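Trainee:
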Amino acid sequence: MSAKQNSQTLNISGGQLTNVQIGGVAGQDLTANLQQQVDQGQTEQPLMPNEVVALINELAVVLRQANLPAAETDKALKHLDVAREEAEAPEPDKEFAAKSLQRATTVALVASLSGQ
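According to numbering that gives the first Met the number 0, the sequence shown is numbered sequentially starting from 0.
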């Protein structure tokens, strides 16, 4: 007798797959274990430029009230100023603004950790 030849087909469309494990033995049953993460669309609306500026201003207030060394506070505030200016630009560079925010928070974090 000839061995039964199985046909295995796996079609995946759309979505993002993570931790994908597919295993099988040729000519036998094929098993697939998939953990699928599908982006169904964002439920949150992106922030408007004026909202971003308001949040940056709030962060500046928090930094001024924090018990950080003056030099680090000034440095972090300068990074926030750059982020605020970029957010207020007619066509803001979101990545540049985000990097400036990241620099400001990094300066503040390092200063707070070194002061402990």
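Note that the Cβ used here is the ideal one computed from N, Cα and C, for glycine as well.
The structure presented is a predicted model; accordingly, all values stated were derived computationally and were not measured.
(1) Suppose you measure from the CA of Thr111 to the CA of Gln44; what does that come to, to the nearest Å?
(2) Using three-state DSSP, classify Gln44 as helix, strand or coil.
(3) Could you tell me whether the stretch 95 to 112 touches the stretch 71 to 79, using the rule of 3 or more Cβ pairs below 8 Å?
(4) My parser needs the alpha helix (DSSP H) runs of 4 or more residues fully inside the stretch 81 to 113; what are they?
(5) Check this for me: beta carbons of Ala59 and Leu76, under 9 Å apart or not?
(6) Do the CB positions of Ala86 and Val52 come within less than 9 Å of each other?
(7) For Leu67, count neighbouring C-beta atoms within 10 Å of its own C-beta (all shown protein chains included) and say buried if the count is 16 or more, exposed if not.
(8) Which residues in the same chain have their Cβ closer than 8 Å to the Cβ of Asn56, if we skip the five residues on either side of it in sequence?
(9) My assumption, with CB atoms under 8 Å, is that His78 sits in contact with Arg102. Please give the rounded CB distance.
(10) Considering Cα atoms alone, identify which of Asp80, Val81, Lys93, Ser99 is closest to Leu46.
Mentor: If we stick to the structure as given:
(1) Indexing the sequence shown from 1 puts residue 111 at position 112. Indexing the sequence shown from 1 puts residue 44 at position 45. Sequence inspection shows Ser at residue 111; the Thr mentioned does not correspond to that position. Their backbone Cα atoms lie some 33 Å apart in a straight line.
(2) On the sequence shown, position 45 is the one that residue 44 refers to. Residue state, collapsed to three classes: coil.
(3) Yes: at least three Cβ pairs fall under 8 Å.
(4) Entirely contained in the stretch 81 to 113, the alpha helix (DSSP H) runs reaching 4 residues are, in chain order, 93 to 113.
(5) What you label residue 59 is simply residue 60 of the sequence shown in a count that begins at 1. What you label residue 76 is simply residue 77 of the sequence shown in a count that begins at 1. A contact, by the Cβ cut-off of 9 Å.
(6) For the purposes of this step, residue 86 is taken as residue 87 along the sequence shown, with counting starting at 1. For the purposes of this step, residue 52 is taken as residue 53 along the sequence shown, with counting starting at 1. The criterion of a C-beta distance shorter than 9 Å is satisfied by Ala86 and Val52.
(7) On the sequence shown, position 68 is the one that residue 67 refers to. For Leu67, the number of other beta carbons within 10 angstroms of its own is at least 16, and it is reported as buried.
(8) Here residue 56 refers to the residue found at position 57 when the sequence shown is read from its first residue. Cβ-Cβ distances below 8 Å link Asn56 to Arg83 in the same chain, with the five nearest sequence neighbours on each side left out; the list follows chain order.
(9) Taking the first residue of the sequence shown as 1, we reach residue 78 at position 79. Taking the first residue of the sequence shown as 1, we reach residue 102 at position 103. Going by Cβ atoms, the distance from His78 to Arg102 rounds to 4 Å, so yes, they are a contact pair.
(10) Looking up residue 46 in the sequence shown gives position 47. Minimum Cα distance to Leu46 is reached at Lys93.
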